[in-house]
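Take a look at the structure below.
2 protein chains.
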Amino acid sequence: MSQLEVEKDPIEALRGTFRRHASGVSVITLLDGEGKPVGFTATSMTSLGANPPLASFNVSRGSSSWAAIESAEYAAIHTLGEKNLELAQKMAADHTKRFVEADWYAGPYGLPIFGAATAVLIVKIREIHSVESNAVVIVDVVEGLLGETDPALLYYQRGYMSPGKHLS
Amino acid sequence: MSQLEVEKDPIEALRGTFRRHASGVSVITLLDGEGKPVGFTATSMTSLGANPPLASFNVSRGSSSWAAIESAEYAAIHTLGEKNLELAQKMAADHTKRFVEADWYAGPYGLPIFGAATAVLIVKIREIHSVESNAVVIVDVVEGLLGETDPALLYYQRGYMSPGKHLS
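Chains as they are written, first to last, in my numbering: chain E, 67 to 234; chain C, 67 to 234.
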């Protein structure tokens with residue numbers, strides 16, 4: 067009836083389960099207390115409600131962007147397509163090199179905007195819930211910037227992928 | 067520099083953005099106050115931390131499973147593969163017909179387990195944060211059940227898909 071094997075270690079259980087799960091890829095940007103751009107690649111961004119429009123994402127409180135998230139009022143959530151592979155990689159690598167290229171501009175509220183993204187949600191940070199060394203960030207959508215509908219970028223099995231065939 | 071068009075209506079901005087974003091698909095099950103199985107298909111399930119292992123998912127407080135989520139101590143989070151397309155569809159359709167077939171069994175803590183899933187996290191509900199008519203649910207991973215590594219099921223552009231080619 068079941069081909070499932072018990073994994074009693076919860077850390078190994080989480081690891082094994084998320085190897086079997088795919089995620090969409092976002093880049094979240096904001097300004098730090100000095101007005102400098104900060105940001106990171108996230109695979110946890112998801113919709114929370116349609117009316118009013120809400121989204122959420124998870125972040126490590128040890129991340130280079132954490133101090134900015136705690137103090138900022140607004141953020142920009144970029145959804146990425148296949149063509150944004152290098153942007154996803156860059157925003158997950160050395161945080162001191164994430165804004166050195168001229169591939170972004172200052173958008174609404176001065177937020178750093180990567181114009182090549184498939185879409186950008188301009189959001190207001192509404193609630194932050196710290197959980198152990200992590201946090202859940204809940205945001206209100208203020209407005210959006212909509213671009214090309216390039217196939218969505220996915221993260222799966224420790225690498226980036228494009229969507230495959232429609233099943234339904 | 068940017069091919070992005072401004073969408074001032076935040077509801078339309080959210081809609082347009084999530085048309086460009088892909089998600090992994092989960093099925094979350096639990097027991098209601100009478101011990102009956104309830105559950106639903108979710109595209110918001112994501113990791114929150116590795117040590118201790120934590121996950122989160124979002125749910126509408128108007129959903130048929132909401133009362134059970136508020137009162138339950140444990141839940142089962144199933145990750146789905148391509149072969150689980152019908153399970154994803156069934157658990158998103160008429161809630162009175164979700165457990166009529168004999169494709170599940172009572173697992174740890176009596177939780178309803180679909181043995182065909184690619185993996186199952188047995189989780190303890192830790193925090194629930196209500197936001198407007200929705201809620202963010204934060205859970206601790208207790209143990210897991212690991213199955214076949216069937217290609218992960220995706221939800222994208224209002225339909226189910228399989229992963230495509232590796233980009234990196």
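Note that beta-carbon positions come from the ideal geometry of N, C-alpha and C, so glycine has one too.
Legend entry - DSSP three-state assignment for C:Glu136, whether helix, strand or coil: As a first step, residue 136 of chain C is located in the second sequence; it is residue number 70 there, counting from the start. Three-state result, C:Glu136: helix.
Inset, instruction - Examine chain C for any beta-carbon lying closer than 8 Å to the beta-carbon of E:Pro76, and answer yes or no. - result: Taking the first sequence and counting its residues from 1, one reaches residue 76 of chain E at position 10. Residue-level contact check: E:Pro76 touches chain C, since one or more beta carbons of chain C fall below 8 Å from its beta carbon.
Inset, instruction - Check whether the stretch 141–151 of chain E touches the stretch 182–191 of chain E, taking contact to mean three or more Cβ pairs, one atom from each stretch, closer than 8 Å. - result: yes
Legend entry - Closest Cα partner of C:Ser113 within the set E:Leu114, E:Gly115, E:Ser110: Reading the second sequence from its first residue, position 47 is the one you call residue 113 of chain C. Ranking the options by Cα distance to C:Ser113, first place goes to E:Ser110.
Inset, instruction - Return the first residue and the last residue of the beta strand (DSSP E) that C:Gly82 is part of. - result: Here residue 82 of chain C is taken as the residue at index 16 of the second sequence, counted from 1. C:Gly82 -> not in any beta strand (DSSP E); alpha helix (DSSP H) instead, spanning 76–85.
Inset, instruction - Flag C:Met67 as yes if its beta-carbon sits less than 8 Å from any beta-carbon of chain E, otherwise no. - result: Along the second sequence, one-based indexing puts residue 67 of chain C at 1. Residue confidence for C:Met67 is low, a pLDDT of 49 falling below 50, so the modelled location carries little weight and cannot support an answer.
Legend entry - E:Glu100 - containing beta strand (DSSP E), residue span: For the purposes of this step, residue 100 of chain E is taken as the residue at position 34 of the first sequence. Looking at the DSSP string, E:Glu100 is not in any beta strand (DSSP E), and its letter there is neither H nor E.
Legend entry - Minimum C-alpha distance to E:Trp170 - residue among E:Ile191, E:Val93, E:Asn200: Residue numbering aside, residue 170 of chain E sits at position 104 when the first sequence is read from its first letter. The residue with the shortest Cα to Cα distance from E:Trp170 is E:Val93.
Inset, instruction - Starting from E:Lys149, follow the beta strand (DSSP E) in both directions and report where the run begins and ends. - result: As a first step, residue 149 of chain E must be located in the first sequence, where it is residue number 83. For E:Lys149, there is no enclosing beta strand (DSSP E), as DSSP marks it with neither H nor E.
Inset, instruction - Answer yes if the stretch 79–96 of chain E comes into contact with the stretch 217–232 of chain E, meaning at least three C-beta pairs across the two stretches below 8 Å, and no otherwise. - result: Yes, the stretch 217–232 of chain E touches the stretch 79–96 of chain E.
Inset, instruction - Just grab the DSSP bridge partners of C:Val208 for me. - result: As a first step, residue 208 of chain C is located in the second sequence; it is residue number 142 there, counting from the start. Partner(s): none; C:Val208 has no beta bridge.
Inset, instruction - List the residues of chain C that E:Ser228 touches, going by C-beta distances under 9 Å, in chain order. - result: Within the first sequence, residue 228 of chain E is the residue found at index 162, counting from 1. Chain C residues near E:Ser228: Pro229, Gly230, Lys231, His232, Leu233.
Legend entry - Cβ neighbours of C:Gly176 in the same chain (closer than 8 Å, five flanking residues each side left out): The residue given as residue 176 of chain C occupies position 110 in the second sequence. Excluding sequence neighbours, C:Gly176 sits near Leu97, Gly101.
Inset, instruction - Answer yes if the stretch 67–84 of chain E comes into contact with the stretch 78–88 of chain C, meaning at least three C-beta pairs across the two stretches below 8 Å, and no otherwise. - result: Too few Cβ pairs lie closer than 8 Å, so no.
Inset, instruction - Could you give the DSSP three-state label for E:Thr162: helix, strand or coil? - result: Sequence index remark: in the first sequence, residue 162 of chain E carries index 96 (1-based). E:Thr162: helix per DSSP, three-state reduction.
Legend entry - Contacts that E:Phe84 makes with chain C (C-beta to C-beta distance below 7 Å): On the first sequence, position 18 is the one that residue 84 of chain E refers to. Chain order gives the chain C residues near E:Phe84 as Ser113, where near means a beta carbon separation below 7 Å.
Inset, instruction - Please list the partners that E:Ser129 has in chain C, where partner means a Cβ-to-Cβ separation under 9 Å. - result: Taking the first sequence and counting its residues from 1, one reaches residue 129 of chain E at position 63. Here the premise fails: no neighbours, minimum Cβ distance about 12 Å.
Legend entry - C-beta neighbour in chain E for C:Thr107, strict 8 Å: Numbered from 1 along the second sequence, position 41 holds the residue referred to as residue 107 of chain C. No, because no Cβ of chain E sits closer than 8 Å to the Cβ of C:Thr107.
Inset, instruction - Please name the residue or residues paired with C:Leu96 in a DSSP beta bridge. - result: Indexing the second sequence from 1 puts residue 96 of chain C at position 30. Per DSSP, C:Val104.
Inset, instruction - Give, in chain order, every residue of the stretch 211–225 of chain E whose Cβ lies closer than 7 Å to some Cβ of chain C. - result: Leu211, Leu212, Gly213, Glu214, Thr215, Ala218, Leu220, Tyr222, Gly225
Inset, instruction - Whole angstroms is fine: what's the gap from C:Glu198's alpha carbon to E:Ala138's? - result: For this step, residue 198 of chain C is matched to residue 132 along the second sequence. For this step, residue 138 of chain E is matched to residue 72 along the first sequence. Taking the straight line from one Cα to the other gives about 22 Å.
Inset, instruction - Find the residues of chain C that neighbour E:Asn117, judging by a C-beta separation of less than 7 Å, and give them in chain order. - result: For the purposes of this step, residue 117 of chain E is taken as the residue at position 51 of the first sequence. Those within 7 Å of E:Asn117 in chain C are Ile77.
Inset, instruction - Could you check what DSSP says for E:Gly115 in three-state terms: helix, strand or coil? - result: Along the first sequence, one-based indexing puts residue 115 of chain E at 49. If DSSP states are grouped into helix, strand and coil, E:Gly115 belongs with the strands.
Legend entry - For E:Leu211 and E:Thr95, the rounded distance between their alpha carbons: Position 29 of the first sequence holds residue 95 of chain E. Position 145 of the first sequence holds residue 211 of chain E. Whole-angstrom Cα-Cα distance: 14 Å.
Inset, instruction - Look at the Cβ atom of E:Asn200, then the Cβ atom of E:Ser122, and state whether they are nearer than 8 Å. - result: Residue numbering aside, residue 200 of chain E sits at position 134 when the first sequence is read from its first letter. Residue numbering aside, residue 122 of chain E sits at position 56 when the first sequence is read from its first letter. The Cβ-Cβ distance between E:Asn200 and E:Ser122 does not fall below 8 Å.
Inset, instruction - Would you please verify whether the beta carbon of C:Gly181 is less than 8 Å from any beta carbon of chain E? - result: The residue you call residue 181 of chain C lines up with position 115 of the second sequence. Yes, C:Gly181 counts as interfacial toward chain E.
Inset, instruction - May I ask you to list, following chain order, the residues of the stretch 87–99 of chain C that have a beta carbon less than 9 Å from some beta carbon of chain E? - result: Of all residues in the stretch 87–99 of chain C, the ones placed with a Cβ closer than 9 Å to any Cβ belonging to chain E are His87, Ala88, Ser89, Gly90, Val91, Ser92, in chain order.
Legend entry - Beta-carbon proximity check, C:Ala154 vs C:Thr107, cutoff 8 Å: Working through the second sequence from its first residue, we reach residue 154 of chain C at position 88. Working through the second sequence from its first residue, we reach residue 107 of chain C at position 41. Contact flag set, yes.
Inset, instruction - Over the uninterrupted beta strand (DSSP E) stretch that includes C:Glu73, give me the two end residues. - result: Sequence index remark: in the second sequence, residue 73 of chain C carries index 7 (1-based). That run of the beta strand (DSSP E) goes 71–73.
Legend entry - Beta-bridge pairing of E:Lys54 - partner residues as DSSP gives them: This structure cannot settle anything about residue 54 of chain E, because the visible part of chain E is limited to 67 through 234.
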